[in-house]
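Under this note's numbering, the residues of the sequence shown are numbered 242 to 323, in order.
All residues carry an ideal CB built from backbone N, CA and C; glycine is no exception.
Remember, it's a predicted structure, so these values are computed and weren't measured experimentally.
Have a look at the structure below, then the notes.
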Amino acid sequence: MLELTVGQNGTYAWHGRFWQIDELTSTLKSPLAPHVTEVRLLNGPNPSSLQNLIEIGQLANSLGAKALYERNGELKSINIVQ
242 MLELTVGQNG
252 TYAWHGRFWQ
262 IDELTSTLKS
272 PLAPHVTEVR
282 LLNGPNPSSL
292 QNLIEIGQLA
302 NSLGAKALYE
312 RNGELKSINI
322 VQ
């Protein structure tokens with residue numbers, strides 16, 4: 242499960258949860274994209290594969306998220322290598 246935080250003008254505006262990566266992908270095409278401040282990976286029914294984590298990291302990066310948090314809540318630094 243992915244949790245997305247969107248802020249506007251320095252204020253908390255919207256907080257939503259997604260069950261599938263496709264929903265995060267669709268956010269790329271929405272007006273919310275420039276305002277995403279955080280993407281958080283939460284415990285779900287299935288553990289994430291490395292490929293899923295890479296995909297989530299790339300999507301978070303392309304959304305311009307300032308932080309990507311892993312399951313345990315510890316801040317992780319994500320560097321995308323092409």
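(Q) For S267, report the span of its alpha helix (DSSP H) as first-last. (A) Locating residue 267 in the sequence shown gives position 26, counting from the first residue. It spans I262 to T268 - the alpha helix (DSSP H) in which S267 sits, taken as one unbroken run.
**Q.** Status (buried if at least 16 other CB within 10 Å, exposed otherwise) for L269
**A.** The residue you call residue 269 lines up with position 28 of the sequence shown. Counting Cβ neighbours within 10 Å, L269 comes out exposed, since fewer than 16 surround it.
**Q.** CB contact flag (V280, I297, <8 Å)
**A.** Here residue 280 is taken as the residue at index 39 of the sequence shown, counted from 1. Here residue 297 is taken as the residue at index 56 of the sequence shown, counted from 1. Against a cut-off of 8 Å, the Cβ pair of I297 and V280 comes out as a contact.
Q) N293 to Q299, Cα distance in whole Å? A) If you number the sequence shown from 1, residue 293 lands on position 52. If you number the sequence shown from 1, residue 299 lands on position 58. Their Cα atoms are separated by approximately 10 Å.
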